[in-house]
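Asker: Here it is: the structure, laid out below.
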Amino acid sequence: MRKTTTLRAAAAASAALLLATACNSQRGQDDKDAAADGACQGQQTTGITDRTIKLGGIYPLSGPASAYGTISKGVSAYFKHVNDKGGIDGRTVVFTVRDDGYQPPKAVEEARRLVEQEKVFAVFQTLGTPSTAAVWDYLDKRKVPQPFVATGASVWGTDDNHPWTTGWQPNYIAEARVYAKYLKEEKPKAKVAVLHQNDDFGKDLLGGFKAAVAGSGIKVVAEESYEVTDPSVSAQMTSLARSRADVLLNITTPKFGSQALAADAKNTRWNPLHIVNNVSSSATVLKPVGFKNVQGVVSATYFKDPADPQWADDAEMKTYRDALRKYAPDSDPANQFNAYGWAAASSLHKALDAMKCPTREGLRDAVRNLKDVEVDMLLPGVTLSTGPADAFPIETMQLMRFEGERWQLFGKPVDTRKEFGPLAK
Amino acid sequence: MSAVTELLQQVVEGVGSGAVYASLALALVLIHRFTGIVNFAQGELAMISTYVAWQLVASGMSFWLALPVTLAVSFAGGMLIERIVIRPVQNAPELTMVIVTVGLFIFVNAMAGLIWSFTVKDFPQPFPDGGIDLAGVRVDWSTFGIIAVVAVVMGLLYVLFQHTSIGLVMRAVACNPASARLSGIRVGRVLMLGWGLAATVGAVSGVLVAPVLFLEPNMMGGVLIYAFAAATLGGFDSPVGAVVGGLCVGVAETLAGAYVDVIGADLKVGVPLVIILAVLLVRPQGLFGRAAVERA
C-alpha cells in the first residue's frame, strides 16, 4: 500500500514535470486560470485583475530612431498620472517599456518576452512600420491585442487577417489626401514635383496622393526617390528643380527632410509651394535649416503641439505639462513626441473604459468600436472612430503653415473619410 | 534652361558631391599609405570629429577657433586609437584588421548616438551663402570652398608623401615594416602618426560636408561607400588619384541618376559599386596607383 502511494506520488510528480515541460516547450498555451466567467466566459484575462492592468510597449530607446523613444515617456507619464487619480476603472496600470533599437528581430524578441514572461494584457504600441510588421503575426497568433501602433502605414487599417492590431495616427494615405484636397482648392492646376523615400512609407504617401488627385487638373510632373543610405538628396533636388513644378511634395524622414528644405531654400530660381510630410514637420527638422528658410512651408497635423502658445491655457495641455514635470522630469514637455505618447495613452484609456468585458477580447472589440470618441490632446474636430472593418482611428487632419518660429493651423480639420471614402483594401 | 546648361548644372552638382567624397577618400588613402590597412571606421572618426567641432561652436567658441582645436583633438584621438585598439592586433591577418575597423565603426557610431542623440544638428557653414551664375549655371560658394580645401589638402599630402623624409619613412613602413624596423625606424610611432594625420584629414572632411549633409551619427556612412569607390578608382596610394576618383564618381553618379532612366535616383547608389568592381577587374591598382610588385 505504502509502496503504491510512493509510486503514485512519483507518477504524479513526473506527470507534473512532463506537463511543465510540455507547457514550456509550447509556450503558446495560456494559463488555465486566465479565463473569465459569466457573460465573458472563456475570454482571456491574462494581465488584468480587478486591481491591475499590465501593458507593454516596444520603442527604439537606442539606435538611429531613438528620437522617437521619448514617446514612451509621454505614455508612462499619462499612466502614472491616471494611477495617482485612482487608475482606470480602479485598476492600476503597470506599463513596461522595452527597447528594440528600431530592429525588427529585436522587436520580436521583446514582444515574446512581454507576452510570455511579463504576461501583459496588451502590447500597447510598437513603434515603426518594420518593427510592427515583425510582431503582428506573433501577437495575432497569441491573440494579444496590439492597439494603436505608432506608425502611419496604411496596412494596419486595411488588413483583414490581423483583428488584434489597429493603427492610431492618420495613415499616410489619409495625409496625402489632405494635401490633395488643399491643392485642389488652392492650386487646381498645380504641377507637383515629389521627393520620396524609396520604401513602403514613401510609396504609401505618394500612391495615396496620386490616387487622390486622379482626374483633377493636378499633375505629378516629376518624381525623385532616395535610399536611406544615400548621403544626401541634393542631386534629386536639382533634378526636381528642372521640372519647374509649382508645388514640391517632400515625403522624407527627418535628416533628408532637413536637406530637402535647405536645398529648396538655397535655390532662389525655383520657389515652389513646399509641402513637407508630418514625419518631418517637427521642430528638430526645421530648426537646423533655419526658421527664416522655412517660412510658408505647409504640413498637416492632428494633435495639439505643446510648443504652440495657442494651447498655453488649454486644460489638457496644463495637466500634461504638470504631469510630465512630475513623472518625467528629464524630458522636455515642449517636445511633440511626448504629447504624441500622451494622446495615444489617453486614447487607450478611452478604449479600456469602453470594454464590455475586462478581457483581451473585450479590448479588441472596444478598440474597433469607437464612435467619435473625443481625446483632449487631439485637435478640436479630430476624434477616434473605428468599425469592425475599419482599424484607422484617426483619419482627420488639419493643415498648418510655418510662420515666424512655429506652425500656424489654418482652414478646417479635413475628414478624409468623408471627403474621399474609406481606403481600398 | 537649355539642355547644355542643364547638363552643366548636373555636372556642377556632381563635382560638388564628388569633392565631398574626395575629401574622405584622401583620409582613406593617407592611412592606407601609412599603415597598409583599409580603415572602415574612417568616416565615423570624421563624424565624431565633426561633433567635437559642433560642441565647441555650440558652447560659444567661434568657428575659426574651434576648427584648429578640433583638428588637434582629432590628431591626438587618431594616435590614441592606433595605440590602444590597433597596436594589439598589428601583426594579425588582414581580415582581423578589417573586422577591428568595422567594430570601431559600429562602436563610434553608437557612442555618438549615445552622447549627442540621433536628431539632426545644424553645423555652421564656413563659406558665404549664395553663389554665382556662370552662363546660367549656378555654382555655390560652398562648392568652390570645398574644392579649394580639398585641393590644398591634396597638395599637402602630395608634398608629404613625395618630398619629405617622414614621407619616405612611412612608405618604408607601409612597404616592409620588418625591414623598416631593422633599419632603425620607430615603426610604432610612424603608425601612430599615420592614424593621427588620417583622423585630422577626416575631420576636415567632416567639417566640410556637415553644413550640406546635416550632422547626425550616420552622416558619413553613405559618404564612405562613395569614398571607397573614389579611392579604388584613383588608386589607394595616390592623393591625386583620390581627388580625381572622387570627382569622377560624383559626376558619374549624378549624371547616371539624372539621365539614365533605368538607373534613376533609385539605383544611383549602385554606381560606386559598379565602379569599384570595374576598376578591380580592369586595373586593380587604380588610375594613378602603382601596382604592388612582389619579389619572386
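Chains as they are written, first to last, in my numbering: chain A, 2 to 426; chain B, -8 to 287. Built from N, CA and C at the ideal position, the CB exists for glycine as well.
1. For Q81 (chain B) and chain A, any beta-carbon pair shorter than 8 Å?
2. Is the Cβ of F109 (chain B) closer than 8 Å to any Cβ of chain A?
3. Start and end of the alpha helix (DSSP H) containing N100 (chain B)?
4. Report the three-state DSSP secondary structure of V178 (chain B) (helix, strand or coil).
5. Check whether the Cβ of L204 (chain B) lies closer than 8 Å to any Cβ atom in chain A.
6. Report back the beta-carbon spacing between V128 (chain B) and T245 (chain B) to the nearest angstrom; my notes put them in contact at under 8 Å.
7. Given that Y42 (chain B) touches chain A, what residues does it touch there, using C-beta distances under 9 Å?
8. Taking only beta-carbon atoms, is G289 (chain B) less than 8 Å away from chain A?
9. Along the chain, where does the alpha helix (DSSP H) that runs through V242 (chain B) open and close?
10. Only counting the same chain, and skipping five residues up and downstream in sequence, which positions put a Cβ closer than 6 Å to that of A324 (chain A)?
11. Going by C-alpha to C-alpha distance, which of A:A425, A:D416 and A:V76 sits closest to K182 (chain A)?
12. Just the Cα atoms here: how many angstroms apart are Q30 (chain A) and A44 (chain B)?
13. When we look at the beta-carbon of C24 (chain A) and count the other beta-carbons within 10 Å, is it buried (16 or more) or exposed?
14. Starting from the beta carbon of D231 (chain A), find every residue of chain B whose beta carbon is closer than 9 Å, and list them in chain order.
15. Between the C-alpha atoms of G237 (chain B) and V140 (chain B), what's the straight-line distance to the nearest angstrom?
16. Please decide whether V286 (chain A) counts as near chain B, where near means a Cβ-Cβ distance under 8 Å.
17. Step through the CB atoms of chain B and report whether any lies within less than 8 Å of the CB of P273 (chain A).
18. Can you tell me which of the three DSSP states A37 (chain A) falls into?
19. Helix, strand or coil for D141 (chain A) per DSSP?
20. Could you check how far apart the C-beta atoms of G64 (chain A) and F122 (chain A) are, in whole angstroms? I think they sit under 8 Å.
21. Check whether the stretch 24 to 44 of chain B and the stretch 191 to 199 of chain B touch, using three or more Cβ-Cβ pairs below 8 Å as the test.
22. Against chain B, with Cβ distances strictly below 8 Å, would K188 (chain A) count as a contact?
23. Is R322 (chain A) closer than 8 Å to W330 (chain A) when the C-beta atoms are compared?
24. Looking at L199 (chain B): is its Cβ nearer than 8 Å to the Cβ of S65 (chain B)?
25. Go ahead and pull the three-state DSSP assignment for A222 (chain B).
26. Can you give the Cα-Cα distance for N209 (chain B) and A169 (chain B), rounded to whole angstroms?
27. Does the separation of the CB atoms of V248 (chain A) and L184 (chain A) fall below 8 Å?
28. State the Cα-Cα distance for the pair R361 (chain A) and D38 (chain A), rounded to the nearest angstrom.
29. What is the C-beta distance between V60 (chain B) and L47 (chain B), in whole angstroms, given that I count them as a contact (C-beta under 8 Å)?
30. With a cut-off of 8 Å on the beta carbons, I'd call T26 (chain B) and L173 (chain B) a contact; round off their distance for me.
31. Pull up the distance between the alpha-carbon of A344 (chain A) and that of D201 (chain A), whole angstroms please.
32. Would you list, in chain order, the members of the stretch 64 to 85 of chain A that have their beta-carbon closer than 9 Å to a beta-carbon of chain B?
33. Bridge partners for V286 (chain A) per DSSP, in chain order?
34. Is DSSP giving F421 (chain A) helix, strand or coil here?
35. Determine, using beta carbons only, whether S8 (chain B) comes closer than 8 Å to chain A.
36. Name, going along the chain, the residues of the stretch 250 to 261 of chain A whose beta-carbon falls closer than 8 Å to a beta-carbon of chain C.
Answerer: Quick answer:
1. no
2. At a cut-off of 8 Å, the C-beta of F109 (chain B) has a neighbouring C-beta in chain A.
3. E85 to W107
4. Helix.
5. yes
6. Rounded to the nearest angstrom, the Cβ distance from V128 (chain B) to T245 (chain B) is 14 Å, too far for a contact under 8 Å.
7. The contacting residues do not exist; Y42 (chain B) stays about 14 Å from chain A at best.
8. Residue numbering for chain B in the displayed model covers -8 to 287; residue 289 (chain B) lies beyond these limits and cannot be assessed.
9. P230 to Y250
10. Correct list, in chain order: A78 and H82.
11. A:D416
12. Residue placement at Q30 (chain A) cannot be trusted, given a pLDDT of 44 that sits under 50; what the coordinates show is reported in the next sentence. Near 56 Å, if we compare the C-alpha coordinates of A44 (chain B) and Q30 (chain A).
13. Reliability fails at C24 (chain A), whose pLDDT of 44 lies under 50, so the model's placement of it is uncertain and no value is given.
14. G213, A256, K259 and V260
15. 14 Å
16. yes
17. Taking Cβ atoms only, chain B never reaches closer than 8 Å to P273 (chain A), which makes this a no.
18. coil
19. helix
20. Under the criterion of beta carbons closer than 8 Å, G64 (chain A) and F122 (chain A) do not qualify as touching, at roughly 27 Å.
21. At 8 Å Cβ cutoff, the stretches touch.
22. no
23. It should be pointed out that residue 330 (chain A) corresponds to Pro in this sequence rather than to Trp. Contact flag unset, no.
24. no
25. helix
26. Using only the alpha carbons, I get a separation of about 38 Å.
27. yes
28. 13 Å
29. 6 Å
30. T26 (chain B) to L173 (chain B), Cβ: 18 Å. No contact.
31. 25 Å
32. Among the residues of the stretch 64 to 85 of chain A, those with a Cβ less than 9 Å away from any Cβ of chain B are G64, P65, A66, S67 and A68, in the order of the chain.
33. Per DSSP, none; premise fails for V286 (chain A).
34. helix
35. So, interface residue.
36. The question asks about chain C, but that chain is absent: this structure's protein chains are A and B.
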